[in-house]
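Peer 1: Questions regarding the structure given below will be posed in turn.
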Amino acid sequence: MAHPKRKISKTRRDKRRTHYKATAPQIATCPTTGEPHLYHRAHWFEGKLYHRGQVLIDNSEVAENLA
Numbered sequence: 179m180a181h182p183k184r185k186i187s188k189t190r191r192d193k194r195r196t197h198y199k200a201t202a203p204q205i206a207t208c209p210t211t212g213e214p215h216l217y218h219r220a221h222w223f224e225g226k227l228y229h230r231g232q233v234l235i236d237n238s239e240v241a242e243n244l245a
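Position one of the sequence shown corresponds to residue 179 (my numbering), numbered consecutively onward.
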C-alpha cells in the first residue's frame, strides 16, 4: 500500500474538506392540507396519510372497522 511521505497538516486536511457541506432539505406544501412536508414523502395530518394531495391511509376508518 502507498504511504504518505509527510504528515498532512490539519489546515491542509480541513481545506480539502470545505466543499462537503450539509444542504437544507427541500420543503413542499401539501395542496390539500397546507402542511409543510419533505418532497416525495407521504405525511400524516389529523390521522390521515397524504401523498401528492390524496389520502392513502385513514386511521379513523381503520379504528371503526376494528371496534
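Here a beta-carbon is modelled for each residue, glycine too, at the ideal position from N, C-alpha and C.
Mind pulling the alpha helix (DSSP H) runs of 4 or more residues that sit fully within the segment 195 to 239?
Peer 2: The qualifying runs do not exist here; there are none.
Peer 1: Can you tell me whether Tyr217 is buried or exposed? The criterion is at least 16 other CB atoms within 10 Å of its CB, across all chains shown.
Peer 2: The residue you call residue 217 lines up with position 39 of the sequence shown. Flag for Tyr217 reads exposed.
Peer 1: According to the Cβ coordinates, are His215 and Ala202 closer than 8 angstroms?
Peer 2: Walking along the sequence shown from the start, residue 215 turns up at place 37. Walking along the sequence shown from the start, residue 202 turns up at place 24. No. Outside cutoff.
Peer 1: Within the same chain, show all residues whose beta-carbon is closer than 8 angstroms to that of Pro209, passing over the 5 residues directly before and after it, in chain order.
Peer 2: Taking the first residue of the sequence shown as position 1, residue 209 is located at position 31. Excluding residues within five positions, the ones whose Cβ falls inside 8 angstroms are Gly231.
Peer 1: If you count every other CB in all the chains shown that lies within 10 Å of the CB of Tyr198, and 16 or more means buried, which is it?
Peer 2: The count along the sequence shown starts at 1 and reaches residue 198 at position 20. Exposed, because fewer than 16 other Cβ atoms sit within 10 Å of the Cβ of Tyr198.
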